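Novice: This structure is in structure tokens; I'll ask about it shortly.
2 protein chains.
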Amino acid sequence: MTEKRPIIAVDAMGGDNAPAEIVAGALLAARAYDADIVLVGDEAQIQPLLGIDTPTNIRIVHAPDSVPMDQHASQALRRSGTTSLGVAVSMVKSGDADAVVSAGNSGAFLAIALIKLRTIEGIARPAIATVWPALKGPTVLLDSGANVDCSADELVQFARIGCVYAEDVLGRPNPSVGLLSIGEEPEKGNAVVKEANALLMQAGLNFQGNVEGRDLPLGASERGPIDVVVCDGFVGNVILKFYESVAPMIVKLIGEKGVSHDVLESAMETLDYATTGGAPLLGVKGVSIIAHGKSSSTAIRNALHVAARSVETGMSAHIGQRLAQRAAAQQGVA
Amino acid sequence: MTEKRPIIAVDAMGGDNAPAEIVAGALLAARAYDADIVLVGDEAQIQPLLGIDTPTNIRIVHAPDSVPMDQHASQALRRSGTTSLGVAVSMVKSGDADAVVSAGNSGAFLAIALIKLRTIEGIARPAIATVWPALKGPTVLLDSGANVDCSADELVQFARIGCVYAEDVLGRPNPSVGLLSIGEEPEKGNAVVKEANALLMQAGLNFQGNVEGRDLPLGASERGPIDVVVCDGFVGNVILKFYESVAPMIVKLIGEKGVSHDVLESAMETLDYATTGGAPLLGVKGVSIIAHGKSSSTAIRNALHVAARSVETGMSAHIGQRLAQRAAAQQGVA
Numbered sequence: 021m022t023e024k025r026p027i028i029a030v031d032a033m034g035g036d037n038a039p040a041e042i043v044a045g046a047l048l049a050a051r052a053y054d055a056d057i058v059l060v061g062d063e064a065q066i067q068p069l070l071g072i073d074t075p076t077n078i079r080i081v082h083a084p085d086s087v088p089m090d091q092h093a094s095q096a097l098r099r100s101g102t103t104s105l106g107v108a109v110s111m112v113k114s115g116d117a118d119a120v121v122s123a124g125n126s127g128a129f130l131a132i133a134l135i136k137l138r139t140i141e142g143i144a145r146p147a148i149a150t151v152w153p154a155l156k157g158p159t160v161l162l163d164s165g166a167n168v169d170c171s172a173d174e175l176v177q178f179a180r181i182g183c184v185y186a187e188d189v190l191g192r193p194n195p196s197v198g199l200l201s202i203g204e205e206p207e208k209g210n211a212v213v214k215e216a217n218a219l220l221m222q223a224g225l226n227f228q229g230n231v232e233g234r235d236l237p238l239g240a241s242e243r244g245p246i247d248v249v250v251c252d253g254f255v256g257n258v259i260l261k262f263y264e265s266v267a268p269m270i271v272k273l274i275g276e277k278g279v280s281h282d283v284l285e286s287a288m289e290t291l292d293y294a295t296t297g298g299a300p301l302l303g304v305k306g307v308s309i310i311a312h313g314k315s316s317s318t319a320i321r322n323a324l325h326v327a328a329r330s331v332e333t334g335m336s337a338h339i340g341q342r343l344a345q346r347a348a349a350q351q352g353v354a
Numbered sequence: 021m022t023e024k025r026p027i028i029a030v031d032a033m034g035g036d037n038a039p040a041e042i043v044a045g046a047l048l049a050a051r052a053y054d055a056d057i058v059l060v061g062d063e064a065q066i067q068p069l070l071g072i073d074t075p076t077n078i079r080i081v082h083a084p085d086s087v088p089m090d091q092h093a094s095q096a097l098r099r100s101g102t103t104s105l106g107v108a109v110s111m112v113k114s115g116d117a118d119a120v121v122s123a124g125n126s127g128a129f130l131a132i133a134l135i136k137l138r139t140i141e142g143i144a145r146p147a148i149a150t151v152w153p154a155l156k157g158p159t160v161l162l163d164s165g166a167n168v169d170c171s172a173d174e175l176v177q178f179a180r181i182g183c184v185y186a187e188d189v190l191g192r193p194n195p196s197v198g199l200l201s202i203g204e205e206p207e208k209g210n211a212v213v214k215e216a217n218a219l220l221m222q223a224g225l226n227f228q229g230n231v232e233g234r235d236l237p238l239g240a241s242e243r244g245p246i247d248v249v250v251c252d253g254f255v256g257n258v259i260l261k262f263y264e265s266v267a268p269m270i271v272k273l274i275g276e277k278g279v280s281h282d283v284l285e286s287a288m289e290t291l292d293y294a295t296t297g298g299a300p301l302l303g304v305k306g307v308s309i310i311a312h313g314k315s316s317s318t319a320i321r322n323a324l325h326v327a328a329r330s331v332e333t334g335m336s337a338h339i340g341q342r343l344a345q346r347a348a349a350q351q352g353v354a
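Protein chains in written order, with my numbering: chain U, 21 to 354; chain R, 21 to 354.
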């Protein structure tokens, strides 16, 4: 395991609560973790937020522009030379940082990371992995939106890279994998999912078969806990956005019956996306962590923790090694 | 509007709580609605459950066998001549009943209904429509599991038949339609969904564009309330099973903080599937209502109400008329 002190570039201007919550989260992380944190963005706005007692492991790199939340990815890409997001990603490309975190425009982040950092050898398509707050503990769900039309081979590769992430960052040895479908039997599903089920049986992973929508809140099927749930980015995105919206609705319905806000809030901590940090973009070189647009300082601190942990464990290199081993094994060389 | 006194065949032996809850629900419906109810199943088991004060609009048709909940559809189909499900569906085919309701094996119900009743002229593939308990009121979601791989044309047809159902049974004039995708812009989505968006723009429906996972709990997008949500049966099934499972989990988390069971239960009434009755199989001749396997007597009563309403309004015939009108309009005849 490669242990090194991580340098993490943070897009200080990206997100609904930027730059205040981003800077506050970076300060929390700088005090809590053994990592160097670089706030990228408008120095005139960031400096006053840092206060006088700034930790020595936090510094600013100036970038004059920022990417609006609703800007098209192609336009953000063209302007990436001067935006906080573009400069932060470029620091990973040049080796000035090991990881980049942004709560900004996620479509722009994805496009800029793909173009600037490029994919790891052997990766067909990078995937966004969301750490899903399930009852039995954090569960990795991927792809959660980077790829809408996926082949069976791509789903298998998502399983493989999701397992590396679960091992390295969540500390799960031999992670269990479930394929999201509409029934537990291998013959249930759409054409791609049925083919992926057959491929996953022979993939050398700890594959536990299909899981269903009802298994997601628990993070477990009838066959036991699931560490990595695989689906295409269309289904993953629909489910995640639904999850984010249904929990507050239920809390609202219960709150209307006179239950105190504090009680509801403490009950919902288990499901708070902020506790699980950001979503890694797996399969690109370096470490890119997509934080939620609504990130609070706590969410940013946790996203920085995920970034640091990914760097310390050498997660990105492990993905490349795992794919190379698999390719060698399939050719009978290993 | 065809107004007739509906005759509804109920599979008395299908469902986790059959026959007791099915018979109890049929008794509730017989007393509440102006409809004739036929309980199909083992007379020796059903008769004692009816009690002595049986309403005159309820009767038994004997069927010696029943379909196990986990039996494969093909096997259930072969044995359908003597099972309660098979005999109940056959009553619709022969005209002895107008509608069939079953809380039993839904895969078997789907297969038997398709083979015995056949599809309405012009229907490519029937769809299961679930009435989704959204905050703004019941919303029709289809397909919820009958078709896993769908073409764009099929999604448009689901929109069309879902609108007839929303008009006739939910009483929504000119129902609004949303297409489930991963962003509100027409260019967001997988290949089939993008094509379906373009087709729906010209379909002559009240199409409100794409809706996202976050819009589902509310039953509305930023452009207003949505009456009919269209998706393929893979996504629909995953979302529905997730919804069924996430609400109890959240209630459990809150209950652990000492909130009383009664308060939680009353808050969750809005989301109770039992209040919305069963899911119609739209596109087959006659009326087939798939009730939830866990149906209580209340859920069965409500499913029978949906069946009665579908018959009274002539919903199934309207689907055929609507498709014929559309075909004529497209040929420039109308």
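Where is the CB? At the ideal position from N, CA and C, for every residue including glycine.
Computed from a predicted model, the values in this text were never measured in an experiment.
Would you kindly report the start and end of the unbroken beta strand (DSSP E) that includes Gly150(U)?
Specialist: What you label residue 150(U) is simply residue 130 of the first sequence in a count that begins at 1. In the sequence on display, residue 150(U) carries Thr and not Gly. First-last of the beta strand (DSSP E) with Thr150(U): 147-154.
Novice: State the Cα-Cα distance for the pair Val160(R) and Val121(U), rounded to the nearest angstrom.
Specialist: As a working mapping, residue 160(R) is identified with position 140 in the second sequence. As a working mapping, residue 121(U) is identified with position 101 in the first sequence. Approximately 40 Å between the Cα atoms of the pair.
Novice: Report the rounded CA-to-CA distance for Val405(R) versus Ala55(R), giving the unit in angstroms.
Specialist: Nothing about residue 405(R) can be read from this structure; chain R reaches only from 21 to 354.
Novice: Assign Ala64(U) to buried or exposed, taking buried as 16 or more other Cβ atoms, counted over all protein chains shown, within 10 Å of its Cβ.
Specialist: Start at 1 with the first residue of the first sequence, and residue 64(U) comes out as number 44. Result: exposed.
Novice: Out of Val331(R), Glu332(R), Leu301(R), which has the shortest C-alpha to C-alpha gap to Ile143(R)?
Specialist: Within the second sequence, numbered from 1, the residue matching residue 143(R) stands at position 123. The shortest C-alpha separation from Ile143(R) is found at Leu301(R).
Novice: Is it the case that the segment 129-138 of chain U contacts the segment 91-108 of chain U, given that we only count it when at least three CB pairs across the two stretches are under 8 Å?
Specialist: Taking 8 Å as the limit for Cβ pairs, the verdict is that the segment 129-138 of chain U does touch the segment 91-108 of chain U.
Novice: Secondary structure at Arg79(U), three-state DSSP: helix, strand or coil?
Specialist: Position 59 of the first sequence, counted from the first residue, corresponds to residue 79(U). The three-state reading of DSSP puts Arg79(U) in strand, counting E and B together.
Novice: Strictly below 8 Å CB to CB, what residues from chain R border Phe262(U)?
Specialist: Locating residue 262(U) in the first sequence gives position 242, where the first residue counts as 1. What Phe262(U) touches in chain R: Gly233, Arg234, Leu236, Pro237, Ile259, Phe262, Tyr263.
Novice: Could you check which residue in Ser86(R), Ser196(R), Met221(R), Lys314(R) has the C-alpha nearest to that of Asp173(R)?
Specialist: The residue you call residue 173(R) lines up with position 153 of the second sequence. That would be Met221(R), whose Cα lies nearest to the Cα of Asp173(R).
Novice: Helix or strand or just coil, what does DSSP make of Gly275(U)?
Specialist: As a first step, residue 275(U) must be located in the first sequence, where it is residue number 255. In this structure, Gly275(U) counts as helix in the three-state DSSP scheme.
Novice: Enumerate, from N- to C-terminal direction, the unbroken beta strand (DSSP E) stretches of 3 or more residues contained entirely within the segment 218-255 of chain U.
Specialist: Qualifying beta strand (DSSP E) stretches, in chain order: 226-231, 248-250.
Novice: What residue range does the beta strand (DSSP E) around Val43(R) cover?
Specialist: To locate residue 43(R), count along the second sequence from 1; it is residue 23. It is not in any beta strand (DSSP E) - Val43(R) instead sits in the alpha helix (DSSP H) that spans 40-52.
Novice: Alpha carbon to alpha carbon, how far is Ala40(R) from Val213(R)?
Specialist: Sequence index remark: in the second sequence, residue 40(R) carries index 20 (1-based). Sequence index remark: in the second sequence, residue 213(R) carries index 193 (1-based). Near 43 Å, if we compare the C-alpha coordinates of Val213(R) and Ala40(R).
Novice: Kindly give me the distance between the Cβ atoms of Val255(R) and Val258(U), rounded to whole angstroms, as I take these residues to be in contact under 8 Å.
Specialist: Locating residue 255(R) in the second sequence gives position 235, counting from the first residue. Locating residue 258(U) in the first sequence gives position 238, counting from the first residue. About 6 Å; that satisfies the 8 Å criterion.
Novice: Taking only beta carbons into account, state which residues of the segment 273-297 of chain U come closer than 8 Å to chain R, listed in chain order.
Specialist: Taking 8 Å as the cut-off between beta carbons, the residues of the segment 273-297 of chain U near chain R are Leu273, Ile274, Glu276, Lys277, Gly278, Val279, Val283, Leu284, Ser286, Ala287, Met288, Thr290, Leu291, in sequence order.
Novice: Return the CA-CA distance between Val43(R) and Pro153(U), expressed in angstroms with no decimal places.
Specialist: Reading the second sequence from its first residue, position 23 is the one you call residue 43(R). Reading the first sequence from its first residue, position 133 is the one you call residue 153(U). Distance between the alpha carbons of Val43(R) and Pro153(U): 41 Å.
Novice: Which residues bound the alpha helix (DSSP H) around Leu175(R)?
Specialist: Within the second sequence, numbered from 1, the residue matching residue 175(R) stands at position 155. 172-188 is the span of the alpha helix (DSSP H), which, as asked, contains Leu175(R).
Novice: Closer than 8 Å by beta-carbon distance: list the chain U residues that pair up with Met269(R), in chain order.
Specialist: Here residue 269(R) refers to the residue found at position 249 when the second sequence is read from its first residue. Chain-order list of chain U residues neighbouring Met269(R): Leu155, Pro237, Leu238, by C-beta distance under 8 Å.
Novice: For Ala299(R), report the span of its beta strand (DSSP E) as first-last.
Specialist: Numbered from 1 along the second sequence, position 279 holds the residue referred to as residue 299(R). Looking at the DSSP string, the run of the beta strand (DSSP E) that includes Ala299(R) is 299-302.
Novice: Do you know offhand how far Gly253(U)'s Cα is from Ser164(U)'s?
Specialist: Reading the first sequence from its first residue, position 233 is the one you call residue 253(U). Reading the first sequence from its first residue, position 144 is the one you call residue 164(U). Whole-angstrom Cα-Cα distance: 5 Å.
Novice: Alpha carbon to alpha carbon, how far is Phe178(U) from Val279(U)?
Specialist: Here the question's residue 178(U) lines up with position 158 in the first sequence. Here the question's residue 279(U) lines up with position 259 in the first sequence. Their Cα atoms are separated by approximately 42 Å.
Novice: So, Gly313(R) versus Gly35(R), is the Cβ gap smaller than 7 Å?
Specialist: Working through the second sequence from its first residue, we reach residue 313(R) at position 293. Working through the second sequence from its first residue, we reach residue 35(R) at position 15. Yes, they are a contact pair.
Novice: Looking at chain R, is there any beta carbon in it that lies within less than 7 Å of the beta carbon of Phe254(U)?
Specialist: Translated into positions along the first sequence, residue 254(U) becomes position 234. At least one chain R Cβ lies under 7 Å of Phe254(U).
Novice: Between the Cα of Ala218(U) and those of Glu232(U), Leu236(U), Leu199(U), spot the shortest distance and give me the residue it belongs to.
Specialist: Here residue 218(U) is taken as the residue at index 198 of the first sequence, counted from 1. Comparing Cα-Cα distances from Ala218(U) to each of Glu232(U), Leu236(U), Leu199(U), the minimum goes to Leu199(U).
Novice: Using CA coordinates, which residue listed in Val271(R), Val304(R), Glu276(R), Gly303(R) is at the minimum distance from Glu289(R)?
Specialist: Along the second sequence, read from residue 1 onward, the residue named residue 289(R) stands at position 269. Nearest option by C-alpha distance: Val271(R).
Novice: Thinking just about the alpha-carbon of each residue, which of Arg342(R), Ala328(R), Gln350(R), Arg346(R) is nearest to the one in Pro26(R)?
Specialist: Here residue 26(R) refers to the residue found at position 6 of the second sequence. The candidate whose alpha carbon is nearest that of Pro26(R) is Ala328(R).
Novice: Using the DSSP secondary-structure output, state which residues sit across from Asp85(U) in a beta bridge.
Specialist: As a first step, residue 85(U) must be located in the first sequence, where it is residue number 65. In the DSSP output, where bridge partners are listed per residue, Asp85(U) has Thr103(U).
Novice: The alpha helix (DSSP H) spanning Leu291(R) covers which residue range?
Specialist: Reading the second sequence from its first residue, position 271 is the one you call residue 291(R). Neither: Leu291(R) is in no alpha helix (DSSP H) and is coded neither H nor E.
Novice: Taking buried to mean at least 16 other C-beta atoms within 10 Å of its own C-beta, is Met335(U) buried or exposed?
Specialist: Here residue 335(U) refers to the residue found at position 315 when the first sequence is read from its first residue. Its Cβ being crowded by 16 or more others within 10 Å, Met335(U) is buried.
Novice: Nearest to Glu141(U) by CA position, among Ala311(U), Ser330(U), Gly303(U), Ser317(U), is which residue?
Specialist: To locate residue 141(U), count along the first sequence from 1; it is residue 121. The candidate whose alpha carbon is nearest that of Glu141(U) is Gly303(U).
Novice: Buried or exposed: which applies to Asp73(U), given that a residue is buried once 16 or more other Cβ atoms fall within 10 Å of its Cβ?
Specialist: For the purposes of this step, residue 73(U) is identified with residue 53 of the first sequence, where counting begins at 1. Flag for Asp73(U) reads exposed.
Novice: In the DSSP assignment, what are the bridge partners of Ile140(U)?
Specialist: One-based indexing of the first sequence puts residue 140(U) at position 120. DSSP, once it has assigned bridges, lists no residue as partnering Ile140(U).
Novice: Taking its Cβ as the centre, do 16 or more other Cβ atoms sit within 10 Å of Arg79(U), making it buried, or is it exposed?
Specialist: To locate residue 79(U), count along the first sequence from 1; it is residue 59. Under this definition Arg79(U) is an exposed residue.
Novice: Helix or strand or just coil, what does DSSP make of Thr333(R)?
Specialist: In the second sequence, counting from the first residue as 1, residue 333(R) sits at position 313. Three-state result, Thr333(R): coil.
Novice: Below 9 Å on C-beta distance, what does Ala211(U) contact in chain R?
Specialist: Working through the first sequence from its first residue, we reach residue 211(U) at position 191. In chain order: Val168, Asp169.
Novice: Between Ala354(R) and Glu276(U), what straight-line distance do the alpha-carbon atoms span, to the nearest angstrom?
Specialist: By one-based count along the second sequence, residue 354(R) stands at place 334. By one-based count along the first sequence, residue 276(U) stands at place 256. Only weak support exists for where Ala354(R) lies, its pLDDT of 43 falling under 50; the coordinates are left without a value.
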